[in-house]
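Here the structure comes first, spelled out in C-alpha cells, and everything after it is commentary.
Residue numbers (the numbering used here): 2 to 215.
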C-alpha cells in the first residue's frame, strides 16, 4: 500500500525483478506445453500463466495523501493445483499538507492452491512474504511482513475475465485488510485490457493497464 522507488539501487533492483518475471513467464510456457496443457485442462478455468502491467493510483479518504506507481504482477500455475505469484510496485507517494514525499518499493512473493469452483471459475488462496522500503532525503526504512489473498477468478465467455479477492497484510506493526477486484477484457490474441480496484478501511485504489497471457 502506497509504494514507490527512485534511488539507483532501487532502479537496479526493479529492472532485475522485471527481467526475472519475464524469464519465468516464458519458461512456464514451454513447461506447460510438455505437460499436455495440464494446468488449464485440469481446472477448465482461467489462464493463470499471466503478467499484469499497470499504472496504479491510491488515494486516502481522510487526507490528501496519494500514491502513483507502476505495478507488475505475474502468476504461474505449479503442477495440477498449485499457484505462485509475485508482485512488484514502484512509483511515488506524496502529502501536500505535510509537504512530504516518499520514495519506496514493495515486493510480494506468494504461493498457494487453486481449485475449480465451476467449469469456468477457480477458487484460490495465496500466502507469502512482502517487503517494503521507504526512502526520503534523510532516512531509509525497510520492513518485512506477511501477505495473504483468497478469492475467486473466472471467465464470462471468451473475452471477459473477472476476479474478486480479500487481502490481509501485516508489515511492521501495521495490519491492513482490503478487498480487490480485477477485470480483463481480450482485445488482441493473448493481450487483455486490465482494470483493477481496491477498497481499504481509509483508502481506495485503481489500476489500468494490460495483461499478457503466456
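All C-beta atoms, glycine included, are put in the ideal place defined by N, C-alpha and C. As the structure is a computational prediction, the values presented were derived from the model and not from experiment.
With burial defined as no fewer than 16 other Cβ atoms inside 10 Å of the residue's Cβ, what is the status of residue i: buried or exposed?
{"i": "residue 136", "result": "buried"}
{"i": "residue 53", "result": "buried"}
{"i": "residue 90", "result": "buried"}
{"i": "residue 183", "result": "buried"}
{"i": "residue 115", "result": "buried"}
{"i": "residue 167", "result": "exposed"}
{"i": "residue 109", "result": "buried"}
{"i": "residue 174", "result": "exposed"}
Is the beta carbon of residue j closer than 8 Å to that of residue i?
{"i": "residue 88", "j": "residue 73", "result": "yes"}
{"i": "residue 164", "j": "residue 154", "result": "yes"}
{"i": "residue 46", "j": "residue 122", "result": "yes"}
{"i": "residue 113", "j": "residue 77", "result": "no"}
{"i": "residue 1", "j": "residue 193", "result": "As shown, the chain starts at 2 and ends at 215. That puts residue 1 outside it, with no answer to give."}
So, for residue i: in the same chain, excluding its five sequence neighbours on each side, which residues have a beta-carbon less than 7 Å away from its beta-carbon?
{"i": "residue 172", "result": "131, 133, 144, 146"}
{"i": "residue 55", "result": "72, 195, 197, 208, 209, 210"}
{"i": "residue 161", "result": "186"}
{"i": "residue 118", "result": "124, 153"}
{"i": "residue 129", "result": "109, 110, 111, 112, 148"}
{"i": "residue 82", "result": "114, 115, 116"}
Have a look at the options and flag the residue whose alpha-carbon is nearest the alpha-carbon of residue i.
{"i": "residue 86", "options": "180, 126, 200, 67", "result": "126"}
{"i": "residue 159", "options": "82, 93, 107, 191", "result": "191"}
{"i": "residue 120", "options": "180, 48, 84, 176", "result": "48"}
{"i": "residue 141", "options": "193, 67, 103, 50", "result": "103"}
{"i": "residue 149", "options": "174, 111, 175", "result": "111"}
{"i": "residue 67", "options": "95, 81, 215", "result": "95"}
{"i": "residue 57", "options": "70, 214, 128, 65", "result": "70"}
{"i": "residue 107", "options": "170, 214, 51", "result": "170"}
Excluding five sequence neighbours on each side, which residues of the same chain lie with their C-beta closer than 6 Å to the C-beta of residue i?
{"i": "residue 199", "result": "179, 181, 206"}
{"i": "residue 201", "result": "179"}
{"i": "residue 214", "result": "48, 51, 191"}
In its own chain, which residues sit with a C-beta less than 8 Å from the C-beta of residue i, not counting the 5 before and 5 after it?
{"i": "residue 203", "result": "61, 62, 63"}
{"i": "residue 188", "result": "194"}
{"i": "residue 79", "result": "85, 112"}
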